[in-house]
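Numbering (the numbering used here), first residue to last: 85 to 362.
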């Protein structure tokens, strides 16, 4: 049977790569400290000597959009193209090609169904910085096969926090029952406090360091009740809310041309649906 060699919680901060590789006046004053922390953190994975990485992350409206948004999705492919044009342009991320582990992906899908999780899958998933940034920080040689697991944390209605905890436990149990002599590292990626597009987006730490400290303590102490109790879920109860969201998106300067096109396409579909209903 497979062994869970490590379980790691990692940032997928997209600005680390550019900050750590910049020189001269372009190098942020906190870059050296970031690099030192990352190099120490990297040893956690190196010491585990994994054969496969299960990467739990999220698509940032790159490939998954409001016309087809699974709650949980497993990437099942021999290879994954990685990073998108806007990530190359804005974050300086390199184009990457990561090897997949189809056998484990298929096993998670089959066993997940039997465990009560109707997991979606994609044989043509292109992954973004939620997977590639932890690869860059934890395994920069990018030599291990990956199984990406995408979770919906952007588009309401979203799963409740307890569902994420149950999925995490299920993934560990499924990995441990996988009939393969492999060492598997499970890496959950994300952020703590975050201010996308705001003035505190580019700082050396998140906009709410005190919350960040509490969140790290919840994870370290496995205090799921405390963490779940501090999460608020917002729903989109009516079509009008969806239209309002699309209108707001249309007035913003989207970071990706693809997103702008999708906003327009979704708005057109919403308008056609409204006319048909009338």
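Just so it is clear, CB atoms sit at the ideal spot from N, CA and C, and this is done for glycine as well.
Check: CA-CA distance, residue 337 and residue 133?; Outcome: Legend: pLDDT at residue 337 = 38, less than 50; position of this residue unreliable, value from coordinates given subsequently. Residue 337 and residue 133: Cα-Cα distance of roughly 43 Å.
Check: Any idea which residues DSSP pairs residue 272 with across the strands?; Outcome: 93, 140
Check: Got a sec, what are the start and stop residues for the alpha helix (DSSP H) residue 161 sits in?; Outcome: Segment: none, residue 161 is in no alpha helix (DSSP H) and carries neither H nor E.
Check: Suppose the cutoff is 6 Å on Cβ atoms and the five residues either side in sequence are ignored; what does the same chain contact list for residue 299 look like?; Outcome: 276
Check: Classify residue 167 as helix, strand or coil using the three-state DSSP reduction.; Outcome: coil
Check: Given 6 Å as the limit, tell me if residue 201 has its C-beta closer than that to any heavy atom belonging to the ligand FMN.; Outcome: Looking for the ligand FMN in the displayed structure turns up nothing, as the structure carries no ligands at all.
Check: Going by beta carbon distance, what residues of the same chain come within less than 6 Å of residue 243, once the five residues before and after it are set aside?; Outcome: 155
Check: Is residue 133 close to chain C? Criterion is C-beta to C-beta, closer than 7 Å.; Outcome: Reference to chain C is not applicable here, since this structure consists of a single protein chain.
Check: Would DSSP call residue 107 helix, strand or coil?; Outcome: coil
Check: Give every residue of the same chain whose Cβ lies closer than 6 Å to the Cβ of residue 159, excluding the five residues on either side of it in the sequence, and list them in chain order.; Outcome: 206, 209, 232
Check: Going by the DSSP bridge assignment, what does residue 183 pair with across the sheet?; Outcome: 163
Check: Could you name the residues that DSSP lists as bridge partners for residue 234?; Outcome: 141, 157
Check: Following the continuous beta strand (DSSP E) through residue 206, name the residue where it begins and the one where it ends.; Outcome: 204-206
Check: Assign residue 289 to one of two classes, buried (16 or more other C-beta atoms within 10 Å of its C-beta) or exposed (fewer than that).; Outcome: exposed
Check: Would you kindly work out how many angstroms separate the C-alpha atoms of residue 327 and residue 215, rounded to a whole number?; Outcome: No answer about residue 327 holds up, because its pLDDT of 38 lies below 50 and its placement is not dependable.
Check: Can you name the residues that DSSP bridges to residue 211?; Outcome: 166
Check: Tell me the DSSP secondary structure of residue 118 in three-state form.; Outcome: helix
Check: Assuming residue 167 contacts residue 180 (C-beta within less than 8 Å), just tell me the rounded distance between them.; Outcome: 6 Å
Check: Helix, strand or coil for residue 358, going by three-state DSSP, please let me know.; Outcome: A caution first: residue 358 carries a pLDDT of 41, below 50, which makes its placement in the model too unreliable to give a value.
Check: With distances taken between CB atoms, is the gap from residue 224 to residue 185 smaller than 7 Å?; Outcome: no
Check: On the CB-based measure, 16 or more other CB atoms within 10 Å of its CB, does residue 129 come out buried or exposed?; Outcome: buried
Check: Report the CB separation of residue 271 from residue 138 in whole angstroms; it is logged as a contact under 8 Å.; Outcome: 7 Å
Check: Can you look up residue 131 in the DSSP assignment and give me helix, strand or coil?; Outcome: helix
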